[in-house]
Amino acid sequence: MRNPKALSPLDRMLWLSHQLGDETRGLAILGEGNTSTRIDSQQFIVKASGSTLGNLQPQQATACNSKSLLNLLKIKKISDQEVDQALLDSRIDPKALKPSVEAVFHAYLLSLPDVHFVGHTHPIAVNQLLCSGKGKLFADKRLFPDQIVCCGASSALVPYTDPGLILAKTIRTQVEKFIDHTGTLPKTILIENHGLICIGKTEKEVLASTLMAEKSAKIMVGALSVNPKGAVYLTATQVQRIAGRPDEHYRQKILNQS
Ligand SMILES: [Zn+2]
Numbered sequence: 504m505r506n507p508k509a510l511s512p513l514d515r516m517l518w519l520s521h522q523l524g525d526e527t528r529g530l531a532i533l534g535e536g537n538t539s540t541r542i543d544s545q546q547f548i549v550k551a552s553g554s555t556l557g558n559l560q561p562q563q564a565t566a567c568n569s570k571s572l573l574n575l576l577k578i579k580k581i582s583d584q585e586v587d588q589a590l591l592d593s594r595i596d597p598k599a600l601k602p603s604v605e606a607v608f609h610a611y612l613l614s615l616p617d618v619h620f621v622g623h624t625h626p627i628a629v630n631q632l633l634c635s636g637k638g639k640l641f642a643d644k645r646l647f648p649d650q651i652v653c654c655g656a657s658s659a660l661v662p663y664t665d666p667g668l669i670l671a672k673t674i675r676t677q678v679e680k681f682i683d684h685t686g687t688l689p690k691t692i693l694i695e696n697h698g699l700i701c702i703g704k705t706e707k708e709v710l711a712s713t714l715m716a717e718k719s720a721k722i723m724v725g726a727l728s729v730n731p732k733g734a735v736y737l738t739a740t741q742v743q744r745i746a747g748r749p750d751e752h753y754r755q756k757i758l759n760q761s
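Using the numbering used here, the first residue of the sequence shown is number 504, and each one after it goes up by one.
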């Protein structure tokens, strides 16, 4: 049986990548999506640009310096070439492959407390909602208890922006707003017309949130098509009851155990 405690962060990230990139799940195909994990407060590993999640190999995961990428978030104006160079310069091993263009948002999310794994995918049903103006509804509303357990009481919503540095800056702004508003980290981050990011303490937690977000999206798409007046959402009181229940916290803990 797989024992994550005996595995290195890279092995755990590769396992997550292969799970998220399994084409039968409809979460990511070809070069879509990316994954990352924290090594320590200074370094993290991220999928290399152009590689495929489903069969990601150790040499296609690039170790980067967190600080050099986090510094990019402070710069107001920077050209695409300069961002490209900064991505190359962030590599710990200069012979390693170029990190994904989304490495900056991975560096930011992995700097948040208790976030050790990040999984970004383009799931079909989630994108059906994010490409139809239903993103806010999907982020704010909850349909069933396990959605709250795995995806949180609500999700952070990021408006569409250019992938790369602008997206990383917009994600940071929206995540900070979410934390201010709810007092918690989002488990799921939805990017309009783009896809999903799940963050967690373990690779298992990220996989559970991703699969449950996609299942929730399928249920919402179905409910909206069955009932033209709209889906029946849980009330705020019902959502808070599940989010605050000790047995649900226990279930969450079991689900997330590494
Ligand atoms: Zn993407």
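We put the beta carbon where it would ideally sit given N, CA and C, even for glycine.
- When secondary structure is reduced to three states using DSSP, Cys634 falls in the coil class, being assigned neither helix nor strand.
- Sequence-distant Cβ neighbours of Gln650 in its own chain, meaning closer than 7 Å and more than five residues away, are Met715, Ser719.
- Taken in chain order, the unbroken stretches of alpha helix (DSSP H) that lie wholly in the region 544 to 574 and span 4 residues or more are 569 to 573.
- In terms of side-chain proximity, the C-beta atom of His625 is found nearer than 7 Å to a non-hydrogen atom of ligand 1.
- A direct Cα-Cα distance of roughly 21 Å separates Leu688 from His697.
- Residue environment analysis places Ala606 among the buried positions, since at least 16 neighbouring C-beta atoms fall within 10 angstroms of its C-beta.
- By the criterion of at least three beta-carbon pairs nearer than 8 Å, the region 586 to 597 is in contact with the region 553 to 573.
- Taken from the Cβ of His697, at least one heavy atom of ligand 1 lies inside 7 Å.
- In this structure Cys654 does not touch Ser614 by the C-beta definition: roughly 22 Å separates them, more than the 8 Å allowed.
- Judged by pairs of C-beta atoms under 8 Å, the region 542 to 549 does not touch the region 632 to 641, as fewer than three such pairs exist.
- Put simply, of Ser520, Asn730, Ala726 the residue whose alpha carbon is nearest the alpha carbon of Leu646 is Ala726.
- Listed as beta-bridge partners of Asn506 by DSSP are no residues whatsoever.
- Spanning the alpha carbons of Leu693 and Pro597 requires a straight line of approximately 33 Å.
- Secondary structure at Leu660: strand, using DSSP grouped into helix, strand and coil.
- DSSP places Phe620 in the uninterrupted beta strand (DSSP E) bounded by 620 to 624.
- Segment contact: the region 665 to 681 against the region 726 to 735, fewer than three CB-CB distances shorter than 8 Å; contact not assigned.
- Taking C-beta atoms as the reference points, Glu706 and Pro507 count as a pair closer than 8 Å.
- A direct Cα-to-Cα measurement between Leu519 and Lys721 gives close to 22 Å.
- Judged by their CB atoms, Gly534 and Ser554 are nearer to each other than the 8 Å cut-off.
- Remark: the C-beta of Gly622 is outside contact range of ligand 1, defined as less than 7 Å to any heavy atom.
- Here Ile745 is buried. Its C-beta has 16 or more other C-beta atoms within 10 Å.
- DSSP assignment within the region 666 to 734 yields the following whole beta strand (DSSP E) runs of 3 residues or more, N-terminal first: 691 to 694, 698 to 703.
- About 19 Å separates the beta carbon of Gly703 from that of Phe641, a gap too long to meet the 8 Å contact definition.
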